[in-house]
Structures are given as C-alpha cells and as structure tokens.
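What follows is a single structure, written as structure tokens, with notes after it.
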Amino acid sequence: MCGIVGYIGKQNAVPILIEGLKRLEYRGYDSAGIAVITENKAIIEKKKGKVSVLEKFVKGSGIEANIGIAHTRWATHGEPNEINAHPHFNADKSIMLIHNGIIENYAPLRKKLISEGYKFLSETDTEVLVHLIDKFYTKKKNLFEAVRNALLLINGTYGIAVISIYEPDKIIVARKGSPLVIGVGREENYIASDVNALITHTSSIVYLEDGEMAIVTKDNFEAKTLEDDKVEKEVVEIDIEVDEITKSGYPHFMLKEIMEQPESIRNSMRGRILMDEGVSKLGGLNGFEERIVDSERILIVACGTSWHAGLVGEYMLEQFTGIPVEVDYGSEFRYRNPIITPDDTTIFISQSGETADTLAALREAKRRQALTVGICNVVGSTIARESDTGIYIHAGPEIGVASTKAFTAQLTVLALLTVLIARSKNLSCQDGQMILKELESIPYKVEKILKLNDEIEKIAEQFKDAKNFLYLGRGYNFPVALEGALKLKEISYIHAEGYPAAEMKHGPIALIDENMPTVFIAPQDSVYEKVISNIEEVKSRKGVVIAVASEKDTKIEKLVNYTIKIPDTIRMLMPILTSIPLQLLAYHIAVKKGLNVDQPRNLAKSVTVE
Ligand code: F6R
C-alpha cells in the first residue's frame, strides 16, 4: 500500500529518492518523507499530501547525501499528517526507519516501551519498531542485529528499511508479507517495495522472500534469514520499459491504460494459441495441466476487480469444462474454514500479486494440499512466486489505481485456460478454433470501441451530478455490471450498485425514478429479450437508461435514453468488450467532476494489509 525506496552509492540520493517516490505514489499518497545521512548527521523531512509537496521542499533546501530512505504513505494507524508520516526515528534521531505493513502487537509493545522511558511522537504502529531497534542497538552496537532482534518480537507484516548515523555505510532491509526488492547497480545499490521505482536505474533485481533480511552497502548486499542464516539470492534481470510507467502524453494513467487494451489483450494471448489444434498453450502451467483437467472442483479466489474477473471465469469454466467452480473473496475464504481437498484446483487472481487477503487464502489452500495456480500481472510478485504454478497476464505495469487493462487481460487468460481444459474434455477442435479465432479478433473490436471515446464523454457530461447509479446485466454480463459500478464509485465517489438484471424486481426497482440512471449491459445474446423486459420496467418508472448494446441492434435505441453500440462476439468473450465503455464512462464522469482519477481518495493500488 505504501511505497518504500532507498539508495546508497556515489550519487546524490535525494533526487533518486524523490523520483522513486513519484513512481510509487500510486501505491499510497497521503503523506511522504525522506531521511538521509550526510556528514554523520541525519536529515529527516516529512510532508502531508502528495510527493510533489515534499519534492518542492527538498529541492529548495539543497540537501545532498549518498545514503537515504524515503516513503509514501497510505494511512492505516493514525491520520495522515507530518508526525505520522515515515521515516520514524528514535529520540536522538540516530536511527531512522520506513515501514510498509501492519504491526499487529504494537499496543503491548508500545506500553512496555513507554514504561521503560521511551517517548512516542506519532500514533502509528510503526514507531514501536524504531524504539525497539534503538533498545537493541544500545545493547548490541550492531544495526543488523538490533533490527533482527526487534523483528523477532513483531507480529504482523512488514517491508522495512533502516539506516543509522552510527553505521552510515549500510541500509538494513527485511520483509514479511510486504514486498521488498534490492536493485543492484555498479558502486551503488537501491532498495524498493516495487521494481517500478528502480527501472530508470537498474534492471538487476533481487527479490527478498518472507523472513529474509539484507545488509545493503554501496558495493554489495548480503541476505540472511531472520534466524541469521546466510541465504544465496539470485539476481534477476527484469524487462520493463520506462514508457510503460509514464503517461506518454495522456492526461491520466487510467486513460492511457484503457487505450492500451488492444495491445495488452494481444500481449496476454501472444504465443499462447495453437490454432491448428484448436487449443491454447500456457507455458507457466507446464506439468500441471493434467492435474488441473482432472480436478474435482475449481475454486477461484480474488478481491475487487480481480474477483469480478473470477466470476466471469466461473461462467466460462462451467460452460465449457463441466468442472464445478466456486468463486470467493480472499477475505472470506481465509476465515471461513473452506472445504478444500487435494483434488481441487485453486486459482488466485491478482493484478499486483501482493493482495494480503488473496495471499493468505493461497497459503491456506497450499496447507490443505490443493493445487494452487496464480494468475498475476506483476512478474515476480509474491502470489506468482508462492503458487505451485501460474499464468502471467502480461498486461504491463498498471499504475492507475482503478484496474482496467488488467481486468481485460485476466479475462483473456481465463478464456485461454478454459479452452485448454475444455479441449481435454468435450470441446471439439473446431469449437476450440472458433473460440480462439474470436479471441484473436477481440483486440480489433476493442479498437473500434475505443473510437467511441468522444461519444461516451458526451454521455458522461449528462451524469456528472448524479448521486446514484444502477448497473444491470445478466449471465456473463452480470459480473460486468458489478465491475462497471465499482469503477464508477471508486473514482467518481458516486454511489453505484451492480445487480443481475432480473434481481431488480426483488428490491432495487424501488430506487428507480427520474433521478436514478441505470446502465444496462444488453448485447444481443440469449438473454437479450429478458433484459429488454427489464429495461421496459425501468422506463415505465421514469428511469433514465444508458444501454451498452450490439451494433446491429436497431430496436434498443428507441427504448432507452443513451445507447453505446459495440461489436458482437461470442458470449464468453463479451465481458471483455462490454466492460470497456463502462471504464470510459466512469473515467469521464470522474474527470468532469474534477477528481483525481489516478489517485482516488482512500484507495491504494496494492492492498497489502488486511
Ligand atoms: C479496483 C481495484 C481493486 C483491486 C483489488 C485487488 O479498480 O483495482 O478492487 O482489483 O484491490 O487487487 P489485486 O488484483 O492486485 O489483487
């Protein structure tokens, strides 16, 4: 949720840290801070608000140093202000620390430290850690040992970086439940919670695992476990281009990512289609295909938008493979003693690959010996690494907090997985080919839909002052209704709900009047006539209707107030197309309301706390 970056080397750390923070700001953005050591003195600056506030301040201050750490925060304990912002420090400002995660047992630790004379400045859980490190440093006079001993007392999750004026030649880092990477340079090294912060400096990355720590110096890094055993770490070369993480001329990352979808969908299927055999090839699953095909059940676990993708996956897999599928929220799955057997395949869908609830569910499924399959975007992320096997969606970095291109890439990969399993069951080669050909045509259809941008912007203008929205769809398009409503509420702060269209008469219809816009996802599929009846019900109660409809449909526009016409495809792939106008509608409404669509209030890109 928060972002961590650190530097040690021969350059001035300050601009490197600020640039890194800006690249991480999408992960958390209510306050930011920096700590550097120069001439054996610590300089700590923290500011409430965006990284730009901190940047302006440090630029003017002329601070220079060769070692430093910096943090952008998304508040969990204590309101966003300068005192609660990181880095936190001990009484004489000799030890400074930044932390992602939550220290669950901070209350008793804080009480004990206060009884021992420690003074707390902030309301954060993090501050106990810096005082604990101070306490052990007084005894051990060794920073690594002090951090290690402090961490042994901590319950909870952390990715941390610590520096001290007593040992100004090193950064100590540790990870448990919150990602942390080391970027390897020449006569300089970096640390960060996310490789995006480092890609302008190095592509050589070391991923720390849970329970690992490292001493990072200018020329070296040494990894150990929390139990002080040495660990050999592999340096991995990553392949991310800088323009993948910049706006490239778009006003917002969200719009850029919506517009990138023809390409991101192509990338997610590239090299994965064997048209002659009417089957897909998912290299990541190598050796596990048979076990997946033979599974008794498939359980899909995810959160938010990824959960909506999972719901579409349920429709696809049940229709074509005959394997019973259940979809659960990570947060519910992990606490409800779910029935999982070694004959089940569990699939964990996560853009970031770091979502705490999805990760905890994955670990539970592993404990119960089910096969675990990760469907992730971020390469090397925790869920990707901890799953038995997996499929990358290859959507490229998604920076806008509202997920868009990851969703359509997740659906693409779920379609490929469905074909892979179904071909080992009853799906004929011809039917497999038909689905895959249709899938190959999807990027072109997406290009066509994106050309409706101006038209959708005009519709958005009419609804920017709406207070509520209803989204309705059936079958494959029911999860799209949920996703459309989520997109709108998270970036425009307009209350929106998604429902299966037929459920409307069981309650939500009471809300319909001239002030309640309803978005119907109504392509000409097998439930079209039924959806039309639902539209009639809304219209007869003076409701305002926006319909996402098939381009050949000439009937619907006579019935509704606004129509967004899109190309057709087979039912299972329709959600890839129908979700895109809803992304654009949400985007334009939020922009017209003057809101920050890339960094909506209270949200963070990757939810690494419960
Ligand atoms: C919504 C959104 C969130 C995420 C959810 C899961 O636009 O982005 O609902 O989908 O937090 O995140 P991942 O997919 O990273 O596990």
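If you're matching positions, the sequence shown starts at 307 in the working numbering and goes up one per residue.
Beta carbons are placed, not taken as given, at the ideal position from N, Cα and C, and that holds for glycine.
Quick caveat: nothing in here was measured; it's all calculated off a predicted structure.
Return the first residue and the last residue of the alpha helix (DSSP H) that residue i is part of.
i, result
"ALA828", "That residue, ALA828, is in no alpha helix (DSSP H); its beta strand (DSSP E) goes 823-828."
"ASN502", "Premise fails: ASN502 is in no alpha helix (DSSP H) and is neither H nor E."
"VAL364", "357-367"
"ILE375", "Premise fails: ILE375 lies in the beta strand (DSSP E), 373-379, not in any alpha helix (DSSP H)."
"MET402", "Looking at the DSSP string, MET402 is not in any alpha helix (DSSP H); the run it does join, the beta strand (DSSP E), is 401-406."
"GLU370", "Run containing GLU370: none; DSSP gives neither H nor E here."
"SER510", "It is not in any alpha helix (DSSP H) - SER510 instead sits in the beta strand (DSSP E) that spans 510-513."
"GLU569", "567-575"
"ILE598", "595-599"
"GLU843", "834-845"
"THR688", "688-692"
"GLY326", "319-330"
What does the Cβ neighbour count give for residue i, buried or exposed, with the cut at 16 atoms within 10 Å?
i, result
"VAL320", "buried"
"PRO644", "buried"
"GLY696", "buried"
"ARG379", "buried"
"SER554", "exposed"
"MET581", "exposed"
"HIS700", "buried"
"PRO906", "buried"
"PRO887", "buried"
"CYS735", "exposed"
"VAL541", "exposed"
"HIS392", "buried"
"SER839", "exposed"
"PRO568", "buried"
"LYS764", "exposed"
"ASP535", "exposed"
"SER798", "buried"
"GLY813", "exposed"
"GLN889", "buried"
"ASN821", "exposed"
"ASN396", "buried"
"ALA503", "buried"
"ILE420", "exposed"
"SER747", "exposed"
"LYS445", "exposed"
"ASN390", "buried"
"LEU668", "buried"
Please name the residue or residues paired with residue i in a DSSP beta bridge.
i, result
"SER656", "CYS682"
"LYS482", "TYR464"
"ASP856", "First, the amino acid is wrong: residue 856 is Ser here, not Asp. Looking at the DSSP assignment, SER856 forms a beta bridge with ILE872."
"PRO806", "GLY779"
"THR344", "LYS347"
"ASN495", "ILE314, VAL490"
"THR651", "ILE604, LEU677"
"GLU632", "LEU605"
"ALA338", "LYS353, THR378"
"LEU580", "VAL585"
"VAL850", "PRO823"
"SER470", "ILE401"
"PHE395", "MET402"
"ILE409", "GLY462"
"GLY309", "THR378"
"ILE727", "Bridge partners of ILE727: none, in fact."
"ILE477", "VAL522"
Over what stretch of residues does the beta strand (DSSP E) that includes residue i continue unbroken?
i, result
"VAL618", "Counting along the chain, VAL618 falls outside any beta strand (DSSP E), though it belongs to the alpha helix (DSSP H) covering 610-627."
"GLY589", "From DSSP, GLY589 is part of no beta strand (DSSP E); its letter is neither H nor E."
"GLU518", "518-522"
"ILE697", "695-698"
Run through the segment 411-459 for me and flag every whole alpha helix (DSSP H) of 4 or more residues, listed as ranges in chain order. 412-421, 433-446, 449-457
Environment of the ligand F6R in chain order, Cβ to heavy atom below 6 Å: CYS609, GLY610, THR611, SER612, SER656, GLN657, SER658, THR661, THR664, ALA708, SER709, LEU792, GLU796, SER912, VAL913
Ignoring anything shorter than 4 residues, give me the alpha helix (DSSP H) runs that lie fully in the segment 885-916, in order along the chain. none
Give, in chain order, every unbroken run of the beta strand (DSSP E) that is at least 3 residues long and sits entirely within the segment 741-802. 774-779
Alpha helix (DSSP H) runs contained entirely in the segment 527-560, provided each spans 4 or more residues: none
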